[in-house]
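Residue numbers (our numbering): 243 to 432.
Below: the structure, in structure tokens.
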Amino acid sequence: MEKPFELMRDIYENGGGQLYDAEAVTQLQHGLQSAALAERSGAPSHLIVAALLHDIGHLLNGDERGAAERGEDALHESCGAAFLSRWFRDEVTEAIRHHVAAKRYLVTAEPGYAEILSPASVRSLELQGGAFSAAEAEAWYRQPGAADAVELRRWDDAAKDVAAVVPGFEAYKEHIESVLKLDRPELKET
Ligand SMILES: [Fe+2]
């Protein structure tokens, strides 16, 4: 069985060439740019890995491609978090699980945030339930992982630069191996 780093790299290298939603960058570029932004801002390993893998749900379900164009929400955040939870600690998967809700939160909690969203993000926001009410935003932010998801969301929103040159997947091997579940030591490199 493939070890987690090799498995993640293969998923991105085999399926990551598809365009990221309706943006101009590929899924692989989007993940690598998100991780590079996280690393540059001094984020801990679990958030760098969450940034790298946050949209893996888009790559797991072939039928989901173009779902937003068809007016559907394929819940890529839950599907990705559930898949990754076989190997990764909760601090990684919870940030991923909440990264879509973080957009609904920020639109309400942060004046001006909605204006920086790309047209594709605005379109998917509606499919994802739209902005939270003030009470929903307050309750949501109290959940474990919510603050991490808000940080992840900012890198996600910025990681759509067609001209960015960033490190490749190999640069994240150590970060990935440092946030695996401790009860699955057989999955770690020896
Ligand atoms: Fe994303």
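Built from N, CA and C at the ideal position, the CB exists for glycine as well.
These numbers come from a predicted model, not from an experiment.
Going by alpha carbons, who is nearest to R251 out of L422, I418, L424? I418
S276: beta carbon under 8 Å from a heavy atom of ligand 1? yes
Going residue by residue through the segment 326-366, where are the continuous alpha helix (DSSP H) segments of at least 4 residues, counting only ones entirely within it? 332-339, 341-351, 355-358
Cβ of H340 versus every heavy atom of ligand 1: is any distance shorter than 8 Å? no
Return the CA-CA distance between R395 and P361, expressed in angstroms with no decimal places. 16 Å
How far does the alpha helix (DSSP H) with H288 in it reach, from first residue to last? 287-295
What do you reckon, are the CB atoms on V291 and V421 nearer than 9 Å? yes
So, for E336: in the same chain, excluding its five sequence neighbours on each side, which residues have a beta-carbon less than 8 Å away from its beta-carbon? A323, P386, G387, D390, A391
Quick check: the Cα distance between G284 and Q269, rounded to an integer number of angstroms? 23 Å
Selected residue, minimal CA-CA separation from P409, among E380, L249, H272: H272
At what residues does the alpha helix (DSSP H) containing K415 begin and finish? 415-420
Contact shell at 6 Å, judged by CB to any heavy atom of ligand 1, ordered along the chain: H272, H296, D297, D398
Does L317 come out as helix, strand or coil in the three-state DSSP assignment? coil
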